[in-house]
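A short write-up of the structure that comes next.
Numbering (the numbering used here), first residue to last: 240 to 521.
Right, dumping it as structure tokens:
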């Protein structure tokens, strides 16, 4: 007789979770332990320049035009991309959720102000905002994070506002208001916990999106300082050598691919886990 797996174990046996966890976990492991696993990323050795991958045990991914180890630079560059991805999303969530709660619960003039600011933000092309931002404040890791927060808080504000408009009329909220519970307590205890599911899913997907945006901005010279190893910067450096030293760009690109794919798979798994009604049959 065959026994079905317990529901909790079945949730963690899905293909999305296993592949996403392995891909993202492998990247994070290499990034976190890069200082102990790989050679210093800034070490220059002109005698070892443009070594092809898998020909030298000391340089598995080869070397670049200055003799720097590509594997070490990919691992260290992951720090920049992951920092930008996670910290920009956290900042966007905090600011966007607060604005969405205020707009959806209190309505009136607060709703008008927040939503008109959101409309203005959505009307601005991202690349124009990035160019203006960099021209005024300059390109750096901190400024890139701030730019992404400014450009993406609207998503969370609109998502939260829509959920709050529905939740504020539910029976449990009306009952709490009728017995004299203050608005702040209602928002924190009754409304906020009931809307965090979609927010968490959007956070997971936006981390992947922000890693791509940071790489794109750095590739265009609008992101992180070029002296700091980053995946986007490595792609920009390697484009000159695509025909002669393809590995300089290919391996950072594969790192971006694995990270974004892992995050997207985990986002799909979280969506199915937190929203059983929309779960697809597999």
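Virtual Cβ for every residue (Gly too), placed ideally from N, Cα, C. Computed from a predicted structure; not experimentally measured.
Straight-line gap, residue i to residue j (C-alpha atoms, nearest Å)
i: residue 504; j: residue 511; result: 11 Å
i: residue 256; j: residue 453; result: 25 Å
i: residue 486; j: residue 396; result: 41 Å
i: residue 435; j: residue 394; result: 14 Å
i: residue 315; j: residue 321; result: 10 Å
i: residue 268; j: residue 401; result: 38 Å
i: residue 351; j: residue 408; result: 20 Å
i: residue 488; j: residue 423; result: 51 Å
i: residue 458; j: residue 366; result: 13 Å
i: residue 478; j: residue 331; result: 32 Å
i: residue 336; j: residue 329; result: 10 Å
i: residue 276; j: residue 310; result: 10 Å
i: residue 342; j: residue 348; result: 9 Å
i: residue 357; j: residue 340; result: 14 Å
i: residue 353; j: residue 259; result: 36 Å
Collapsed DSSP secondary structure at residue i in the structure displayed
i: residue 303; result: coil
Residues near residue i by beta carbon distance below 6 Å, same chain, minus five either side
i: residue 291; result: 301
i: residue 244; result: Low confidence applies to residue 244: its pLDDT is 46, below 50, so where it sits in the model is not reliable enough to give any reading.
i: residue 334; result: 392
i: residue 447; result: 499, 502 and 503
i: residue 387; result: 327 and 449
i: residue 520; result: Note on residue 520: pLDDT 47, under 50, position unreliable in the model; no value is reported.
i: residue 298; result: 290 and 308
Close beta carbons around residue i, own chain, < 7 Å, minus the five adjacent residues each side
i: residue 573; result: What is shown of the chain runs 240 to 521, which leaves residue 573 out entirely.
Candidates the options, of which the one nearest residue i by Cα
i: residue 264; options: 284, 472 and 497; result: 497
i: residue 303; options: 311, 289, 474 and 266; result: 289
i: residue 491; options: 479, 483, 475 and 506; result: 475
i: residue 443; options: 482, 459, 502 and 360; result: 502
i: residue 403; options: 467, 428 and 390; result: 428
i: residue 274; options: 284, 445, 313 and 295; result: 313
i: residue 465; options: 419, 319 and 431; result: 319
i: residue 456; options: 380, 437, 494 and 484; result: 380
i: residue 468; options: 282, 254, 261 and 338; result: 282
Own chain residues within Cβ distance below 8 Å of residue i, not counting five before or after
i: residue 509; result: 439, 440 and 443
i: residue 517; result: Bear in mind that the predicted position of residue 517 carries a pLDDT of just 48, short of 50, making it unreliable; the figure below should be weighed with that in mind. Taken in chain order, the residues that qualify are 510 and 511.
Note to self: Quick check on the DSSP output: what are the complete alpha helix (DSSP H) runs of length 4 or more inside the stretch 430 to 474, in order along the chain?
What the structure shows: 431 to 458
Notebook entry, point to check: Enumerated in chain order, which unbroken segments of the alpha helix (DSSP H) with a length of 4 residues or greater are wholly contained in the stretch 346 to 383?
Noted result: 347 to 362 and 365 to 376
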